[in-house]
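A short write-up of the structure that comes next.
Protein chains in written order, with the numbering used here: chain F, 2 to 438; chain A, 2 to 438.
What follows is the structure, encoded as structure tokens:
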């Protein structure tokens, strides 16, 4: 191990020790005190607006000079309006119920032991995310409200923005008489530091990566700390033979085009053969008119060609489509691209989804009770929809009030993660001298 | 990557594919059908008793020839009585309620979407364990009852025993019209195969190691599949100044000596200074008479010496003790050894426990309401006891009816894991054409 690796580990251990120490106070802090910190942070974000925007400007200028794409620059940029949004987000988290201390279950055992299963914070959360400075405030707020200390590692392009936002948040904690170290930012943005951070066992209880597939994969292969995997969504909509086709049209358009870049957007459309000749040309027109590129199976290609659509090798212009290959069924485009396949039976649809699902969100459109039930019970995913858009998989839409991500692993939790999902359990056991026989 | 690694990966992928396929049927199997498989397996274990004992004899003889310790040989050995216990265990799991399909939460959103949060199997579980053939039947039963397919990798010394037990279990599945591949045993017992097994992402949903600290550490560092960490228990009992000392004596003796080899046994005793002069000599006599070796702090040493006990460098004979060093506070002996420390305050006790806890089971003995509350709320562990022995942390004692292990990580679950803890959630969402605005 090189000297620099040891230095990095020592740096991270120091952060970790501070967070663990702060967590012992935060875990028992009252809801009122945590809310005071959040509301103070909201006020101070606005008070420090010009400084935050100035620091952010340094990041944006440096990123632009390095050739960052305009859309990425946009995600990095903070404005007065966006700082309003950050402050409003903090106030919303303050308004949510505090899950810590909830009693989940309990009872008295035959020997008189009284067991109460309660909700407690997870402890110290590690959050790794990309160059989106609003996540710094957002993640810190969700952690603090749920009684968790956090160590944040944001994208290096946002370092100046993150530093000032974390500073303001830590000042707000201090004003509410909570330890500043409830929120720690890793200011050494090297890749090696990120890798060592994923191995901070004994200090970090859970690691949550928020970002694209590359980040998530890196965390999964390198982390020794337990991870909650979020965000990969190769979502399907299956239009059954018994679908209300008008409803199917609405749902397909919404699931694909309302916000194509997100994980709950549809990536593959499956159509039952019995309705394909009617439905496919119609929906193709709707999708193409919205700029969606179609990558279709052979049967689809025949129907589309018979309806006057033109097969090309790139399929990107209006009135055109291209043939899908095997990789298309497995791809999360996060873009205005849709794979389309005709299936002969419900079973074939279930088989296809089962093979390619990332266990996120899957939907069937049907008026057939048995088809709805079969699909919903057979498909192994966090959220299985009947007659609704996959786009609803979201903490706000589910009524959780906030969201730190959408888990598509099966351990711990699945689907949208709100405050409750940032807790674990603790058994409180009270006796009067019981011993085991 | 070597040819042999690729061969191992292909072998494991085939097992994984078979398990995933079998799981699709098992996840939707009725409780009655799963129970039929378990009861059939119970009957068949007894029918095949002589064959199982013969296969086990091959394992025991080979292990003895290789110099396996007598106590390890005892864990490996099967007898008619132990096969009765295996069969009885299968019947007990059949009698437990099936958690699959439980409705956990739900409601109707303002837009009319009806959301139901249900319990579903985790999927395919990987279980890695040591040379204890009864675990093969036990783990398979818990997995099948909770709707999970499993891939089992037992200690290589038990391979013949495991093969025949898995064979009988698979025959029972077939007789109940369930896929045999719901239970797969890895018959290649090489270390490299175990390592590759920990990386079987996409096939194995969750890995549960059952065994000692070495096995758990190996899994934590090598696995890319999500892991539930079980079993490390550096448990403390703190005897407060306001303790009923008669009760404290009973609890301390029970927590240390009733079964010292298990994870919920006490490893360190903390005593408040105000009661140490009275309590320590008494409890020392009780523990020493039961063969417990004492490793004590300097203050304890003075009190013990004043009471006529003799300090030695090994402290193993009656009437003797030795000085503890720093490593003793962190050691899980799993043996008749106890570290003992005097603390001046409740806060010092909480600090000591917080520093050395493995977050498993911790206890306070006190009649002081505030001390009890403070200890219970401050200590970060799965189970925090007031006036009871730590030995109760157990699936059966908690009324779960069975146990696959005790989680001492915070993700997913904490404490004893029964059937419910082998499930995850699935949201069933029903609409009538809702799209997101």
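C-beta atoms are modelled at their ideal positions from N, C-alpha and C, and glycine is treated no differently.
Check: For the region 258–301 of chain F, which segments carrying the beta strand (DSSP E) assignment without a break, of at least 3 residues, lie completely within its bounds, in sequence order?
Finding: 267–273 and 294–297
Next item on the list: Express the C-alpha separation of residue 244 of chain A and residue 435 of chain F in angstroms, rounding to a whole number.
Entry: Along the first chain, read from residue 1 onward, the residue named residue 435 of chain F stands at position 434. Along the second chain, read from residue 1 onward, the residue named residue 244 of chain A stands at position 243. Cα-Cα distance, rounded: 14 Å.
Checklist line | 9 Å Cβ cut-off: residues of chain F touching residue 170 of chain A | finding: Indexing the second chain from 1 puts residue 170 of chain A at position 169. Result: empty, since nearest Cβ-Cβ is about 24 Å, beyond 9 Å.
Next item on the list: Please work out which residues of its chain come closer than 6 Å, Cβ to Cβ, to residue 215 of chain A, disregarding the five sequence neighbours upstream and downstream, and give them in chain order.
Entry: Here residue 215 of chain A corresponds to residue number 214 of the second chain, with the count starting at 1. Answer for residue 215 of chain A: no residue qualifies.
Check: Any C-beta of chain A sitting closer than 7 Å to the C-beta of residue 385 of chain F?
Finding: Numbered from its first residue, the first chain carries residue 385 of chain F at position 384. It does: the Cβ of residue 385 of chain F has a partner Cβ on chain A nearer than 7 Å.
Notebook entry, point to check: Are at least three pairs of beta-carbons, each pair with one atom in the region 347–366 of chain F and one in the region 225–238 of chain F, less than 8 Å apart?
Noted result: yes
Margin query: Whole angstroms are fine: how far does the CA of residue 37 of chain A sit from the CA of residue 198 of chain F?
Written below: Taking the first residue of the first chain as 1, we reach residue 198 of chain F at position 197. Taking the first residue of the second chain as 1, we reach residue 37 of chain A at position 36. Distance between the alpha carbons of residue 198 of chain F and residue 37 of chain A: 48 Å.
Next item on the list: For residue 174 of chain A, write down the residues that DSSP places opposite it in a beta bridge.
Entry: In the second chain, residue 174 of chain A corresponds to position 173, counting from 1. Answer is none; residue 174 of chain A lacks a bridge partner.
Next item on the list: Under 6 Å Cβ to Cβ from residue 126 of chain A, same chain only, skipping five residues before and after it: list those, please.
Entry: Position 125 of the second chain, counted from the start, is the residue given in the question as residue 126 of chain A. Within the same chain, residue 126 of chain A has close Cβ partners 144, 149, 151 and 207.
Checklist line | Proximity of residue 350 of chain A and residue 269 of chain A at Cβ, strictly below 7 Å | finding: As a first step, residue 350 of chain A is located in the second chain; it is residue number 349 there, counting from the start. As a first step, residue 269 of chain A is located in the second chain; it is residue number 268 there, counting from the start. Contact: no.
Note to self: If you reduce the DSSP assignment to three classes, tell me which class residue 316 of chain A lands in.
What the structure shows: Numbered from 1 along the second chain, position 315 holds the residue referred to as residue 316 of chain A. Coil, per DSSP.
Notebook entry, point to check: Considering only C-alpha positions, which residue in the set F:302, F:81 and F:267 is nearest to residue 52 of chain F?
Noted result: Translated into positions along the first chain, residue 52 of chain F becomes position 51. Of the candidates F:302, F:81 and F:267, the one whose C-alpha sits nearest the C-alpha of residue 52 of chain F is F:81.
Next item on the list: For residue 139 of chain F, I'd like the list of residues in its chain whose CB is within less than 6 Å of its CB, leaving aside the five on either flank, ordered along the chain.
Entry: One-based indexing of the first chain puts residue 139 of chain F at position 138. The answer, listed in chain order, is 90.
Next item on the list: Pick out whichever of F:122, F:5, F:253 and F:183 has its Cα sitting closest to the Cα of residue 39 of chain F.
Entry: Working through the first chain from its first residue, we reach residue 39 of chain F at position 38. Considering only alpha carbons, the answer is F:183.
Check: Between which two residues does the beta strand (DSSP E) carrying residue 144 of chain A extend?
Finding: Numbered from its first residue, the second chain carries residue 144 of chain A at position 143. No beta strand (DSSP E) contains residue 144 of chain A, which is instead part of the alpha helix (DSSP H) from 135–146.
Next item on the list: For residue 114 of chain F, I'd like the list of residues in its chain whose CB is within less than 8 Å of its CB, leaving aside the five on either flank, ordered along the chain.
Entry: Taking the first residue of the first chain as position 1, residue 114 of chain F is located at position 113. Closer than 8 Å at the Cβ level, and outside the excluded window around residue 114 of chain F, lie 430, 431, 432 and 435.
Margin query: Could you check whether the Cβ of residue 428 of chain F sits closer than 7 Å to any Cβ belonging to chain A?
Written below: In the first chain, residue 428 of chain F corresponds to position 427, counting from 1. Yes, contact with chain A.
Margin query: Measuring only the C-alpha atoms, how far is residue 17 of chain F from residue 407 of chain A?
Written below: As a first step, residue 17 of chain F must be located in the first chain, where it is residue number 16. As a first step, residue 407 of chain A must be located in the second chain, where it is residue number 406. Their Cα atoms are separated by approximately 26 Å.
Item checked: Residue from A:298, A:231 and A:289 with nearest C-alpha to residue 271 of chain A -> The count along the second chain starts at 1 and reaches residue 271 of chain A at position 270. Among A:298, A:231 and A:289, the Cα nearest to that of residue 271 of chain A is on A:298.
Next item on the list: With DSSP as the reference, label residue 421 of chain F as helix, strand or coil.
Entry: By 1-based counting over the first chain, the position of residue 421 of chain F is 420. Of the three classes helix, strand and coil, the one that applies to residue 421 of chain F here is helix, per DSSP.
Notebook entry, point to check: Taking Cβ-Cβ distances below 7 Å as the criterion, which residues of the region 247–267 of chain A are in contact with chain D?
Noted result: Within the model displayed, chain D is absent; protein chains F and A are what it includes.
Margin query: Helix, strand or coil, according to DSSP, for residue 391 of chain F in the structure here?
Written below: Residue mapping note: residue 391 of chain F aligns to position 390 of the first chain, counting from 1. Residue state, collapsed to three classes: helix.
Item checked: Cutoff 6 Å; reference residue 78 of chain A; Cβ partners in own chain excluding five residues on either side -> For the purposes of this step, residue 78 of chain A is identified with residue 77 of the second chain, where counting begins at 1. Around residue 78 of chain A: 61.
Check: With 7 Å set as the bound, which would you pick, yes or no: does the beta-carbon of residue 389 of chain F sit closer than that to a beta-carbon of chain A?
Finding: Taking the first chain and counting its residues from 1, the one referred to as residue 389 of chain F is at position 388. At least one chain A Cβ lies under 7 Å of residue 389 of chain F.
Notebook entry, point to check: What alpha helix (DSSP H) runs, 4 residues minimum, are completely inside the region 320–374 of chain F?
Noted result: 327–330 and 347–357
Checklist line | Contact list for residue 93 of chain F against chain A, beta-carbon separation under 7 Å | finding: Residue numbering aside, residue 93 of chain F sits at position 92 when the first chain is read from its first letter. Those within 7 Å of residue 93 of chain F in chain A number zero; the least Cβ separation is about 17 Å.
Item checked: Validate contact between the region 246–260 of chain F and the region 288–304 of chain F using beta carbons, cut 8 Å, 3 pairs -> yes
Note to self: Please return the same chain residues whose Cβ sits closer than 6 Å to the Cβ of residue 335 of chain A, not counting the five positions on each side in sequence.
What the structure shows: Within the second chain, residue 335 of chain A is the residue found at index 334, counting from 1. Closer than 6 Å at the Cβ level, and outside the excluded window around residue 335 of chain A, lie 262.
Next item on the list: Find the residues of chain A that neighbour residue 116 of chain F, judging by a C-beta separation of less than 7 Å, and give them in chain order.
Entry: In the first chain, the residue the question calls residue 116 of chain F occupies position 115. Those are 399, listed as they occur along chain A.
Item checked: Partner residues on chain A for residue 203 of chain F, Cβ-Cβ distance less than 7 Å -> Along the first chain, read from residue 1 onward, the residue named residue 203 of chain F stands at position 202. Under the 7 Å cutoff, chain A gives no residues; its nearest Cβ is about 10 Å from residue 203 of chain F.
Item checked: Assumed close pair residue 103 of chain A, residue 120 of chain A - CB separation to whole angstroms, cut-off 8 Å -> Counting from one through the second chain, the residue named residue 103 of chain A turns up at place 102. Counting from one through the second chain, the residue named residue 120 of chain A turns up at place 119. Indeed they touch by this definition, with Cβ atoms about 4 Å apart.
Margin query: Residues of chain F with CB closer than 8 Å to the CB of residue 411 of chain A, please, in chain order.
Written below: Mapped onto the second chain, residue 411 of chain A falls at position 410. The contacting residues are 123, 124, 206, 207, 227 and 425.
Margin query: So, for residue 86 of chain F: in the same chain, excluding its five sequence neighbours on each side, which residues have a beta-carbon less than 8 Å away from its beta-carbon?
Written below: Here residue 86 of chain F corresponds to residue number 85 of the first chain, with the count starting at 1. For residue 86 of chain F, where only same-chain residues beyond five positions count, the Cβ hits under 8 Å are 135.
Notebook entry, point to check: Would residue 11 of chain F count as contacting chain A if we go by Cβ distances under 7 Å?
Noted result: Position 10 of the first chain, counted from the start, is the residue given in the question as residue 11 of chain F. No, residue 11 of chain F lies away from the interface with chain A (no Cβ there is under 7 Å from its Cβ).
Margin query: If contacts are defined as beta-carbon pairs under 8 Å, then residue 213 of chain F and residue 130 of chain F qualify, I think. What distance do you get, rounded to the angstrom?
Written below: What you label residue 213 of chain F is simply residue 212 of the first chain in a count that begins at 1. What you label residue 130 of chain F is simply residue 129 of the first chain in a count that begins at 1. Wrong, their Cβ atoms sit about 10 Å apart, outside the cutoff.
Checklist line | Residues near residue 59 of chain F in its chain [Cβ-Cβ closer than 7 Å; skip 5 each side] | finding: Numbered from its first residue, the first chain carries residue 59 of chain F at position 58. Excluding sequence neighbours, residue 59 of chain F sits near 161.
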